[in-house]
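Below is one structure, written out as structure tokens, with a few remarks after it.
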Amino acid sequence: MTAPGTEPQNDTPVSTPRISRRVRHWLAGAGITALAATLGITLAVRGGATPACAAPPSGNTVHKGKASFYDAGRSGGNCSFPGPPADRLYVALGSSQYSGGAACGSYLDVTGPKGTVRVMVMDQCGGCGPTKIDLSTEAFTRIADRSQGIASVTYRAALNPLLDGGLTFRIKGGASRYWFAVQVGNHGNPLRSVEAKGTSGGFRKAARQTDNYWTIEGGLGPGPYTITVTDVYGQKATATGIRMVTKQMQRTTVSLISPATPSSSPSASASPSTPPPSATPTESATPTATVEAIAGAAPLPGSRC
């Protein structure tokens, strides 16, 4: 290292013309700006932030990539479900497709060397790139030999998967009349928005959180609540009578999937639609609901990509 005060006065090679001080300062500033931007992106990714261009699989797009497998045990993954689906056919996605929780509760049809399986998005895979997915052990063995460890696959969104029962709602522990937080389950397609209102006032838009809860600061009063759910294809469902009862599954008879919009299904070798996460014995309710469905396979505009 050169001692202070002894730095060379001219660090420009002799054969290179001098660059004006103003231009050099501008280049230095541009370099710092570029470096800061690069560091910012790196820190955001390392910190688990959602990439700037991120969206869950949707529409008819077919993705090509690799699949590995893991066992989540009794956990409901980063999507905060009470537990895995009863048939244990689930998948974890990389950060760009997990998209800050936007993929939670949606379904993929995954095809490998041995066939096709339908899986529910339940988790985020920290080590997965844009087209790498992590299947449950049970799902992986449907499409490849376990001894392979990693298999080449293609996968796509399962459009309008037909599910058992209607939408479910789960109020988060710690929620109250002053802070509203709800998880929507058994919806099938990726969700675009959730709006809710109490016994007075109009609908307020909830903010999606990375743990798959939708929150409204300031709360909506003691309830009961009316909640409108919209998926990425514009299909809407409205449920009423949702109570401020935390950590319990409140089931409805309303579905985002209209009879006029049948499920896209995998090949004959695929498994049937995955049922919703199993509920605890105390999880029950009888809210009422209405539905408005709009057919179509193309996601609404406004994607972050």
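Numbering follows our numbering, with no gaps: position 155 of the sequence shown is 193. Positions of the beta carbon are idealized from the N, C-alpha and C atoms, including for glycine.
Review point. Name the DSSP bridge partner or partners of VAL191?
Key: According to DSSP, which records beta bridges pairwise, VAL191 is partnered with GLY103.
Practice item. Could you tell me whether the region 192–207 touches the region 241–260, using the rule of 3 or more Cβ pairs below 8 Å? Key: With the cut-off at 8 Å, the region 192–207 and the region 241–260 do not touch.
Point to revise | For TYR128, three-class secondary structure by DSSP | key: Strand.
Review point. With contact counted as at least three CB pairs below 8 Å, one residue from each stretch, are the region 152–161 and the region 99–116 in contact?
Key: Flag = yes, the region 152–161 and the region 99–116 touch.
**Study point:** Reference THR154, options PHE178, ALA219, CYS166 and PRO168, closest by Cα
**Key:** Cα-wise, what sits closest to THR154 is PHE178.
Practice item. Taking 8 Å as the threshold, find out whether the region 166–178 comes into contact with the region 122–129 through three or more Cβ pairs. Key: The region 166–178, when compared against the region 122–129, does touch it at the 8 Å Cβ threshold.
Point to revise | Reduced DSSP secondary structure (H/G/I, E/B, other) of GLY165 | key: The answer is coil: DSSP assigns GLY165 none of H, G, I, E or B.
Practice item. Alpha carbon to alpha carbon, how far is THR169 from TYR193? Give it in angstroms, no decimals. Key: For the pair TYR193 and THR169, the Cα-to-Cα distance works out to about 9 Å.
Review point. Considering only C-alpha positions, which residue in the set VAL267, LEU146 and PHE218 is nearest to THR206?
Key: If we check each option's Cα against that of THR206, VAL267 comes out closest.
Check your understanding: Since THR237 is in the alpha helix (DSSP H), which residue starts that stretch and which ends it?
Key -> From DSSP, THR237 is part of no alpha helix (DSSP H); its letter is neither H nor E.
Review point. Anyone know if the C-beta pair for PRO94 and SER133 falls short of 8 Å?
Key: No.
Check your understanding: For GLY211 versus THR149, is the C-beta distance shorter than 8 Å?
Key -> Contact: no.
Check your understanding: Would you say ALA92 and VAL191 are within 8 Å of each other, going by their C-beta atoms?
Key -> No, they are not a contact pair.
Practice item. Could you work out which residue in PRO262, VAL232, HIS225 and ARG230 is closest to THR291 when comparing CA atoms only? Key: Closest option to THR291, Cα to Cα, is HIS225.
Review point. Secondary structure at GLY97, three-state DSSP: helix, strand or coil?
Key: Assigned with DSSP and collapsed to three states, GLY97 falls in coil, not helix or strand.
Check your understanding: To the nearest angstrom, how far is it from the Cα of ARG208 to the Cα of GLY187?
Key -> Approximately 36 Å between the Cα atoms of the pair.
Review point. Roughly how many angstroms separate the alpha carbons of ALA219 and SER185, rounded to a whole number?
Key: When rounded, the distance between both Cα atoms is 42 Å.
Check your understanding: For the putative contact between THR248 and GLY139, defined by C-beta atoms under 8 Å, what is the C-beta separation to the nearest angstrom?
Key -> The pair is a contact, with the Cβ atoms about 5 Å apart (cut-off 8 Å).
**Study point:** Residue closest to VAL232, alpha-carbon to alpha-carbon, out of PRO260, THR276, GLY261 and GLY257
**Key:** Checked all of PRO260, THR276, GLY261 and GLY257; the closest Cα to VAL232 is THR276.
Check your understanding: Would you say the beta carbon of VAL292 comes nearer than 7 Å to a heavy atom of the ligand MN?
Key -> Absent from the structure shown: the ligand MN. Ligands present: none.
Check your understanding: Alpha carbon to alpha carbon, how far is ASP147 from ARG289?
Key -> If I take the Cα positions, the gap works out to 26 Å.
**Study point:** Start-to-end residues for the alpha helix (DSSP H) that takes in GLN135
**Key:** For GLN135, the enclosing alpha helix (DSSP H) has its first and last residue at 133–136.
Practice item. Determine the direct distance from the alpha carbon of LEU131 to that of GLY103, and round the result to whole angstroms. Key: If you take the alpha carbons of GLY103 and LEU131, they lie about 12 Å apart.
Review point. How would you call LEU229, buried or exposed, if buried means at least 16 neighbouring beta carbons within 10 angstroms?
Key: Residue environment: LEU229 is assigned as buried (16 or more neighbouring CB atoms within 10 Å of its CB, all protein chains considered).
Point to revise | beta strand (DSSP E) runs wholly inside the region 182–234, at least 3 long, in chain order | key: Runs of beta strand (DSSP E) with 3 or more residues, each lying fully within the region 182–234, are found at 189–195, 206–209 and 217–223, listed in chain order.
Review point. Cβ of TYR145 within 8 Å of Cβ of ALA189?
Key: Taking a C-beta distance under 8 Å as the contact criterion, TYR145 and ALA189 do not qualify as a contact pair.
Check your understanding: Would VAL100 be called buried (16 or more neighbouring beta carbons within 10 Å of its own) or exposed?
Key -> With fewer than 16 Cβ atoms within 10 Å of its Cβ, VAL100 is classed as exposed.
Point to revise | Cross-strand partners of ASP269 (DSSP beta bridge) | key: Among the bridge pairs identified by DSSP, ASP269 is matched with LEU229.
Exercise for review: Would you mind working out which of PRO151, PRO120 and ASN198 sits nearest ASN98, comparing C-alpha positions?
Suggested key: If we check each option's Cα against that of ASN98, ASN198 comes out closest.
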